[in-house]
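In terms of the working numbering, the sequence shown opens at residue -9 and continues consecutively.
Quick reminder that beta carbons are idealized off the backbone N, C-alpha and C, glycines included.
Scroll down for the structure; my scribbles are underneath it.
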Amino acid sequence: MNFDIEYVIRVFPTILKYLPVTLEIAFLSGAIAMLLSVCIVLLRRVPSRILQAILNFYLDFFRGTPVVVQLFFLYYGLAQLFPIFKNLSGFSAAVIGLSLNASSYMSESIRGAVQSVHRRQTEAGLACGLTHLQVMRHIVFPQAAKVAVPTLVNDFIGLMKSTSVAFVLGVRDVMAQTKMLGGSSYRYFECYFVAIIIYFILTKLIHCFQKWLERKLDVTTRKEGAACSTSEA
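In structure tokens:
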């Protein structure tokens, strides 16, 4: 079968039309995962063996099992045990499942970034009269953010790629439309080629945003450092 570039051009807008659904799943899941990750990082500081065991099981489960199995378990398995989940839409199940999965990775990225900031800096900030919240905001978070950005962006890219399995729950996204067009025309190569191009461009755009954000954080940190030096003088 020859590669049909005209067919690629013709179906590209048709597949691209469902990109907002993919982006909505990715950004909703990413936002929820970020909130869950912060909560997990804070809870891991609580000196409770039972709580730590629960958190470790949570992290091991979502990091040690395939995301598509997790989605099936959430959408079909829980609905069988708990009738309340029968009204859960495929879109909602995809967002919840991907959020839980992504939080298991993002929480470790945030925890590692916070731990990279030396404890003496926190102690020095408290000794200067700053509150713990001010220390976290002005000293710990700016430095931790610079460390966390690359890994968090990689986590989000992984999440973006994982949205491609949402179609197994009946979600009409980029992959679902690609699969349907390929099945109806038997032009699988051309259809999946379009999907690859779309995901590749998305990934490159996210990397560009990462570089911009890293430069922004670097400038902000230098300004705050200069301000602190001026006030000390």
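Once the 5 residues before and after residue i are set aside, which same chain residues still bring their CB inside 8 Å of it?
i	result
S219	Because the pLDDT at S219 is just 47, under 50, the model does not fix this residue reliably, and the point stays unresolved.
S152	V57, L88, N91, A92
A134	I100, A103, V104, S106, V107
Whose C-beta lies closer than 7 Å to the C-beta of residue i among residues of the same chain, with five residues either side of it excluded?
i	result
G160	G80
M96	A23, M24, S27, L142, D145
I(-5)	none
Between which residues of its own chain and residue i is the CB-CB distance below 6 Å, once the five residues before and five after are set aside?
i	result
P37	none
Quick check on residue i: buried or exposed, where buried means 16 or more other Cβ atoms within 10 Å of its Cβ?
i	result
F146	buried
Q111	exposed
Q105	exposed
I191	exposed
L195	exposed
I74	exposed
C181	buried
A84	buried
F157	buried
Y189	buried
A16	buried
Helix, strand or coil for residue i? Go by DSSP, reduced to three states.
i	result
P56	coil
H108	coil
D50	helix
D66	Asp is not the amino acid found at residue 66; the sequence shown has Tyr there. Of the three classes helix, strand and coil, the one that applies to Y66 here is helix, per DSSP.
K151	helix
N(-8)	coil
Y8	coil
F81	helix
P3	helix
G20	helix
Give a yes or no on contact between the segment 108 to 128 and the segment 25 to 33, applying the rule of three or more CB pairs nearer than 8 Å. They do not touch, by the three-pair rule.
Could you check whether the segment 37 to 54 touches the segment 157 to 175, counting it as contact only if at least three pairs of C-beta atoms, one from each stretch, sit closer than 8 Å? By the Cβ rule, the segment 37 to 54 does not count as touching the segment 157 to 175, because fewer than three pairs are nearer than 8 Å.
Quick check: the segment -5 to 12 against the segment 161 to 168, are at least 3 beta-carbon pairs closer than 8 Å? The segment 161 to 168 is in contact with the segment -5 to 12.
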